[in-house]
Structure formats: structure tokens, C-alpha cells
Amino acid sequence: MFEFLRHDITFPLYVEVDEIYNLACPASPIHYQNDPVQTTKVNVHGSINMLGLAKRTGARILQASTSEVYGDPDIHPQGETYCGSVNPIGIRACYDEGKRCAETLFFDYRRQHAVRIKVARIFNTYGPRMHPDDGRVESNFIVAVLSGKPLTVQGDGSQTRSFCYVDDLIDGLLSLMHTEDSVTGPVNLGNERETTILELAQLVRHLAGSGCAIQKCPLPVDDPRRRHPDLTLARSTFDYRPGVGLEDGLLRTIAYFRELLEDRTVSRLARPRLRRA
Ligand code: UDP
Ligand code: UDP
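Under the working numbering, read the sequence shown as residues 174 to 450, first letter to last.
What follows is the structure, given as C-alpha cells:
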């Protein structure tokens with residue numbers, strides 16, 4: 174049976190469940206910075222409520238943590254034992270410190286109440302069904318090329334990210350959830366191919382068959398310089414092997430956005446005719 178409930182997890186939730194995936198929280202910098210206090214509340218109050226729910230029902234609970242717990246890392250690649258380098262008072266802190274505090278809560282609920290926890294540290298993920306106004310780099314670049322607008326690279330574009338296709342991430346989350354109770358994580362999930370943002374811009378332009386311009390604009394404050402997951406733990410624990418390469422994943426995502434934007438254009442053009450009818 175499937176039942177959909179729309180609920181703000183900063184308020185208690187009394188339902189009967191046997192598995193909880195706590196994915197609540199905007200992940201795009203422009204969105205989580207739009208209401209930073211609420212971002213911290215979702216991660217802290219929300220996690221407390223979901224852990225309380227898991228404690229009462231005996232459900233397994235998986236936390237969508239993030240590579241942002243490593244902040245602007247000074248070791249590469251980032252392994253799970255690295256404790257990170259986060260600015261606690263910066264504009265990214267509501268997300269980074271919120272997620273770090275959530276991890277603390279997960280491990281304290283395990284130690285204090287024997288809650289069955291799983292913590293995944295998710296590196297940049299992309300794919301079909303991202304919102305065109307999501308604001309993260311993959312959808313920004315794709316929507317720009319398909320709309321004939323310039324791609325906006327922040328800074329000199331030499332900063333790196335490692336992009337994971339959504340299906341590979343979901344496989345990882347499901348595998349982690351179904352490991353035995355002794356496996357808690359934290360465990361990195363992502364893709365090991367590291368790419369500069371400038372390379373990504375050129376690749377998106379090439380794959381979309383566009384000749385649009387690449388513009389530079391200022392780098393946001395506290396933007397991490399490099400991000401690259403060490404996936405040894407995920408590989409050895411549940412044979413995690415992300416299989417969708419960057420070119421393939423981008424082509425699938427471009428196809429999705431092309432259809433979405435065409436549908437929007439068609440419905441915009443159709444609207445006046447419908448009104449007149
Ligand atoms: N909680 C919830 N659903 C439940 C059980 C608890 O939302 O099924 C909330 C509850 O409101 C509480 C929080 O989870 O504030 C933490 O629960 P816990 O049992 O740890 O705290 P306590 O109730 O002992 O303060
Ligand atoms: N970025 C960019 N142009 C954009 C959006 C993002 O150059 O339109 C850069 C951003 O400065 C960062 C990287 O792309 O270095 C990834 O940004 P995103 O917001 O996707 O996620 P983050 O990994 O920073 O949370």
C-alpha cells in the first residue's frame with residue numbers, strides 16, 4: 174500500500190512505518206540559503222522527530238547526509254574518517270552544520286536508544302526531474318544551453334565536483350538501507366570522476382550541440398575548491414559501483430529538459446488560444 178502525506182517534519186509525525194529515508198531539506202545552495210533558519214530546523218528538529226519516530230516504531234532510518242560535511246576539504250579524495258573543514262558562521266553553514274548536527278543526533282540515538290541507523294554522505298547528484306530553477310550547476314547549464322543563453326561559470330571554473338547520476342545514487346541508498354544492522358556508515362555515495370566546472374560547461378555545450386557563450390561571474394563565498402569521494406567503503410561493504418558515466422547521464426538529463434522546455438513553450442503558445450475559445 175502507498176499513502177502520500179504532505180508533512181513538515183519540524184513538527185512531530187505519528188505514523189506506522191518500518192523504513193524511513195530522511196531526505197527532507199533543500200540541497201541547492203540558493204534554496205537552502207533562502208531561509209537558513211528553516212534549513213537548520215529541518216536538519217535538527219526534523220531529524221529529532223524522525224529519530225523519535227524510528228525509536229517508537231523500531232524502524233530502520235537512513236539519513237541523507239552530504240559531502241558538505243567535509244566543507245572546503247584539505248584532503249583528497251575525501252574518505253569517511255576525514256572530519257572536515259567547515260566555516261560554522263558562513264552562509265553555507267545552515268546546511269553544512271545542520272547536516273553535521275543531524276549526523277551527531279543519528280549516532281547519539283544509536284548509542285543511547287539502539288535506533289537502527291544508516292548515514293549516507295551524498296556527493297553532487299543530478300538527473301531527469303530536477304527542477305529547471307533548481308539553481309545547481311548541472312540544471313543551470315543545461316537549461317541555459319537549451320534556451321540559447323550563455324552558461325554562467327562562477328569563478329575561474331577550476332573548482333571541481335564529482336557528479337553522480339540519480340539512478341546510481343538510488344541504488345546506493347537502497348543497498349545501504351538493506352545492509353545488516355551493524356552497518357551504520359557514514360558511507361560516501363557518489364561517482365569518483367572529478368571534473369572542473371569549466372570542463373562541465375564545455376561538455377554540456379558539446380553534448381547539447383550548442384555554440385552558446387561561456388560567461389564568468391564571481392565565485393560565491395565559501396565555495397568548496399575540490400570535491401572527490403573516496404568510495405572504498407561503499408565498494409567493500411555493498412559492492413557499490415556507479416555505472417552511468419558523465420556523458421551518458423548528461424545526455425539523458427539534456428533529453429529530459431529538452432522535452433520539458435518544449436512542452437512549456439507549446440503550452441505557453443496554446444494558452445492565449447484557449448482563453449479566446
Ligand atoms: N516523535 C514523532 N513521532 C513519533 C515519536 C516521536 O514525531 O512516533 C517526536 C516527538 O515529538 C519527540 C521527538 O520525536 O519530540 C523525539 O522523540 P524522543 O522519543 O526521542 O523524545 P521524547 O519524546 O522522549 O522527548
Ligand atoms: N556553479 C557555476 N554556475 C552555476 C551554478 C554553480 O559555476 O550556474 C558552480 C558553483 O560555484 C560550484 C559548482 O558549480 O563551484 C557546484 O555548484 P552547485 O550549486 O551545483 O553545488 P555545490 O556543490 O556548490 O553545493
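For every residue, glycine included, the Cβ atom is placed at its ideal position computed from N, Cα and C.
Other residues of its chain near residue i: CB distance less than 7 Å, five sequence neighbours each side excluded
i, result
"glutamate 192", "Ala232, Arg233 and Met350"
"glutamate 176", "none"
"cysteine 274", "Asn216 and Val217"
"asparagine 390", "At residue 390 the sequence reads cysteine, which differs from the asparagine that was named. The answer, listed in chain order, is Thr325 and Gln327."
"glycine 219", "Ile182, Thr183 and Ala197"
"aspartate 395", "Asp245, Asn260, Gly263, Ile264 and Arg265"
"arginine 283", "Ile290 and Thr357"
Cβ-based neighbour list, residue i, same chain, cut-off 6 Å, excluding 5 preceding and 5 following
i, result
"glycine 257", "Val242, Tyr243 and Gly244"
"glutamine 206", "Ile264"
"glycine 345", "Leu362 and Tyr413"
"proline 199", "Tyr205"
"valine 439", "none"
"leucine 178", "none"
"alanine 443", "none"
"tyrosine 194", "Leu235"
"methionine 303", "Ser312"
Cβ separation of residue i and residue j, assumed to be a contact under 8 Å, to the nearest whole Å
i, j, result
"glycine 328", "leucine 224", "Between leucine 224 and glycine 328 the Cβ distance is about 38 Å, and since that is not below 8 Å, they are no contact."
"valine 360", "leucine 406", "5 Å"
"leucine 404", "glutamate 353", "That pair is no contact at about 20 Å."
"serine 240", "proline 402", "7 Å"
"serine 320", "leucine 434", "7 Å"
"valine 288", "alanine 197", "Rounded, the Cβ-Cβ distance is 17 Å, inconsistent with contact."
"glutamate 249", "arginine 399", "According to the sequence provided, residue 249 is histidine. The question's glutamate does not apply to it. Yes, they are in contact, since the Cβ atoms of histidine 249 and arginine 399 sit about 6 Å apart, within 8 Å."
"serine 383", "valine 318", "4 Å"
"serine 397", "cysteine 337", "Going by the sequence as given, residue 397 is proline instead of serine. Incorrect: roughly 16 Å between the Cβ atoms, too far for contact."
Beta-ladder partner(s) of residue i, from DSSP
i, result
"serine 383", "In DSSP, serine 383 forms no bridge with anything."
"isoleucine 343", "Looking at the DSSP assignment, isoleucine 343 forms no beta bridge with any residue, so it has no partner."
"lysine 291", "Leu235"
"arginine 334", "Thr368"
"tyrosine 282", "Its beta-bridge partners do not exist; DSSP assigns none."
"glutamine 388", "Thr325"
"valine 360", "Ala293"
"asparagine 260", "Per DSSP, none; premise fails for asparagine 260."
"glutamate 192", "Arg233"
"tyrosine 243", "None; tyrosine 243 has no bridge partner."
"proline 402", "Gln251"
"tyrosine 299", "Tyr338"
Short Cβ contact (8 Å threshold) for residue i with residue j
i, j, result
"proline 323", "alanine 381", "no"
"alanine 374", "glycine 330", "yes"
"tyrosine 255", "proline 261", "no"
"arginine 425", "proline 305", "no"
"isoleucine 295", "leucine 347", "no"
"valine 326", "leucine 371", "yes"
"valine 356", "threonine 410", "yes"
Same chain, Cβ closer than 8 Å to residue i, neighbours up to 5 away in sequence not counted
i, result
"phenylalanine 184", "Asn222"
"glutamate 276", "Gln236, Ser238, Val242, Val292 and Pro359"
"threonine 369", "Gly330, Ser331, Gln332 and Thr333"
"histidine 180", "Leu186"
"alanine 450", "With a pLDDT of 43 at alanine 450, under the threshold of 50, the modelled position of this residue cannot be trusted; read the value that follows with caution. Cβ within range, chain order: n/a, list empty."
"glycine 308", "Ser201, Pro202, Ile203 and His204"
"glutamate 253", "Arg294, Gly358, Pro359, Val360, Asn361, Asp403 and Leu406"
Closer than 8 Å to chain B by CB, residue i
i, result
"glycine 321", "The structure shown contains no chain B; it is built from a single protein chain."
Exercise for review: For the stretch 426 to 442 and the stretch 303 to 321, state whether three or more C-beta atom pairs, one from each stretch, are separated by less than 8 Å.
Suggested key: Flag = yes, the stretch 426 to 442 and the stretch 303 to 321 touch.
**Study point:** Segment contact flag, the stretch 203 to 215 with the stretch 262 to 273, C-beta cutoff 8 Å, min 3 pairs
**Key:** yes
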